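Trainee: The opening position of the sequence shown corresponds to residue 21 in our numbering, with each subsequent residue numbered one higher. Let me give you the structure first, and then I'll get to my questions.
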Amino acid sequence: MKRKILITGGAGYIGSHAVKEAVRFGFEPVTYDNLSMGHSWAVQAGPFVKGDLADRPGLVKTFQKFKPTAVMHFASHTYVGESVTDPQKYYRDNLTNAMNLFSVMLEKKVNFFILSSTCATYGNPVQVPMPETHPQNPVNPYGDSKLMLEKILTWYDRAYGLKSTFLRYFNAAGSDESGKIGEVHDPETHLIPLVLDAAMGRRKNITVFGQDYPTPDGTCVRDYIHVTDLAAAHFLALKRMMETEKSDFFNLGTGKGFSVKEVIAEAEKVTGKKIPVQMGTRREGDPPELVAQADKANRVLGWKPEHSSLKNILETSWKWHQAYFGKSKKA
Ligand code: UDP
Numbered sequence: 021m022k023r024k025i026l027i028t029g030g031a032g033y034i035g036s037h038a039v040k041e042a043v044r045f046g047f048e049p050v051t052y053d054n055l056s057m058g059h060s061w062a063v064q065a066g067p068f069v070k071g072d073l074a075d076r077p078g079l080v081k082t083f084q085k086f087k088p089t090a091v092m093h094f095a096s097h098t099y100v101g102e103s104v105t106d107p108q109k110y111y112r113d114n115l116t117n118a119m120n121l122f123s124v125m126l127e128k129k130v131n132f133f134i135l136s137s138t139c140a141t142y143g144n145p146v147q148v149p150m151p152e153t154h155p156q157n158p159v160n161p162y163g164d165s166k167l168m169l170e171k172i173l174t175w176y177d178r179a180y181g182l183k184s185t186f187l188r189y190f191n192a193a194g195s196d197e198s199g200k201i202g203e204v205h206d207p208e209t210h211l212i213p214l215v216l217d218a219a220m221g222r223r224k225n226i227t228v229f230g231q232d233y234p235t236p237d238g239t240c241v242r243d244y245i246h247v248t249d250l251a252a253a254h255f256l257a258l259k260r261m262m263e264t265e266k267s268d269f270f271n272l273g274t275g276k277g278f279s280v281k282e283v284i285a286e287a288e289k290v291t292g293k294k295i296p297v298q299m300g301t302r303r304e305g306d307p308p309e310l311v312a313q314a315d316k317a318n319r320v321l322g323w324k325p326e327h328s329s330l331k332n333i334l335e336t337s338w339k340w341h342q343a344y345f346g347k348s349k350k351a
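Dropping the structure here:
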């Protein structure tokens, strides 16, 4: 019998890729999503329950019906800027809804949990590349809410034996090779989809946020990791956690950074289009460089980010972007 995994936020960008990977790793995914950000068409495998994490009775019913052996938790607000202007939304949903989920897990004795965490739990880098032991001093409520979850889960392990793995993502990007699922945010704030919008003529140009950073070309450097590689890491981590019955935490990145200008130049090559660029000012809260020290996940989990060349990230994103957004002209 296949082991069932409850995937919250399985209709969202990263969650839907995890749902797809679950099958490849021999698990049966059950998606739980309120569709506030996700899309039912994105759930490509297993049952889909439209439900909210604030609805405890709904969660209990779902656990009773499907009897999952583990939970992967993607349902979350993830806009750094919004978290600064509306922290309540981030603490209420990212924190208290997750607490609800933990309480049902404890009640139903489901003892394995994978947390979508983030490099935003580190805050401003004091060391690059950033190892998992980097100090955690988040500079926005988004990163802070995720760090609080990491802390809560550490105590829950000690007290209740609830095992968890924290996966700290760097910049998730790219789309599944099938072209059937991919990145759709509303509003979109991420560099790569906005660059592709500019390549398609859905927006006039891409604004580069700052060119006076202490980086080789003056623009911010990020570590872009393909969403298929991210998704795969969740199952390697889950398998290991189930075998060892130990909690752990990993960076998920490639260890290599690309500047905003390098991303735009590669996007011009991949799309064959000239991308109009406008130079803008810095965006508040952007550190100059975020790059993972990425060897732990490789060493411990045997994880290799094999889809994550910048070229492949842009090619898969471009394929998806054209298929999904090709019909409408304006962004
Ligand atoms: N960026 C940019 N113009 C945009 C959006 C993003 O120059 O319209 C930059 C941003 O300042 C950051 C990088 O692109 O350095 C990646 O930003 P994104 O929002 O994709 O991810 P983040 O690093 O904030 O998680």
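Idealized CB from N, CA, C, for every residue including glycine. None of the values given here were measured: they were computed from a predicted structure.
When DSSP labels each residue in this structure, what does residue 65 get in the three-state scheme?
Mentor: Three-state DSSP puts residue 65 in coil, outside helix and strand.
Trainee: Less than 7 Å between the CB of residue 228 and some heavy atom of the ligand UDP, yes or no?
Mentor: Within the cutoff, so yes.
Trainee: Between which two residues does the alpha helix (DSSP H) harbouring residue 341 extend?
Mentor: Unbroken alpha helix (DSSP H) run through residue 341: 330-345.
Trainee: Going by beta carbon distance, what residues of the same chain come within less than 6 Å of residue 33, once the five residues before and after it are set aside?
Mentor: Hits under 6 Å: 203.
Trainee: Per DSSP, which residues does residue 210 bridge with? Please list them.
Mentor: Partner(s): none; residue 210 has no beta bridge.
Trainee: Should residue 306 be counted as a contact of the ligand UDP given a C-beta to heavy atom distance under 7 Å?
Mentor: Yes, the Cβ of residue 306 comes within 7 Å of a heavy atom of the ligand UDP.
Trainee: Just reading off the beta strand (DSSP E) that residue 188 is part of, what are its end residues?
Mentor: Per DSSP, residue 188 belongs to the beta strand (DSSP E) from 183-189.
Trainee: Give the single residue among 80, 43, 31, 285 whose Cα lies nearest to the Cα of residue 22.
Mentor: Checked all of 80, 43, 31, 285; the closest Cα to residue 22 is 43.
Trainee: Report the rounded CA-to-CA distance for residue 238 versus residue 284, giving the unit in angstroms.
Mentor: Between residue 238 and residue 284, the C-alpha separation is close to 14 Å.
Trainee: My guess is that residue 111 and residue 161 are in contact by the Cβ rule of under 8 Å, so how many angstroms apart are they, rounded?
Mentor: Rounded, the Cβ-Cβ distance is 7 Å, consistent with contact.
Trainee: Take residue 189 and list the residues in its own chain whose beta-carbon comes closer than 8 Å to its own, dropping the five residues that flank it on each side.
Mentor: Cβ within range, chain order: 34, 136, 137, 138, 139, 245, 250, 272, 273.
Trainee: What does a CB cutoff of less than 6 Å around residue 167 pick up in its chain, not counting 5 residues either side in sequence?
Mentor: Hits under 6 Å: 141, 156, 158.
Trainee: Evaluate contact between the region 219-231 and the region 56-64, counting only Cβ atoms and requiring at least three cross-stretch pairs below 8 Å.
Mentor: With a cut-off of 8 Å, the region 56-64 and the region 219-231 do not count as touching, because too few Cβ pairs lie within range.
Trainee: Curious, which full-length alpha helix (DSSP H) runs of at least 4 residues does the region 226-309 contain?
Mentor: List check, alpha helix (DSSP H) in window: 247-264, 280-291.
Trainee: Would the C-beta of residue 210 count as close to the ligand UDP, meaning under 7 Å from any of its heavy atoms?
Mentor: Yes, the ligand UDP has a heavy atom inside 7 Å of this Cβ.
Trainee: What is the C-beta distance between residue 45 and residue 90, in whole angstroms, given that I count them as a contact (C-beta under 8 Å)?
Mentor: Between residue 90 and residue 45 the Cβ distance is about 12 Å, and since that is not below 8 Å, they are no contact.
Trainee: Under 8 Å: do the region 194-208 and the region 331-345 share three or more Cβ pairs, one atom per stretch?
Mentor: Yes: the two stretches touch, three or more of their Cβ pairs being nearer than 8 Å.
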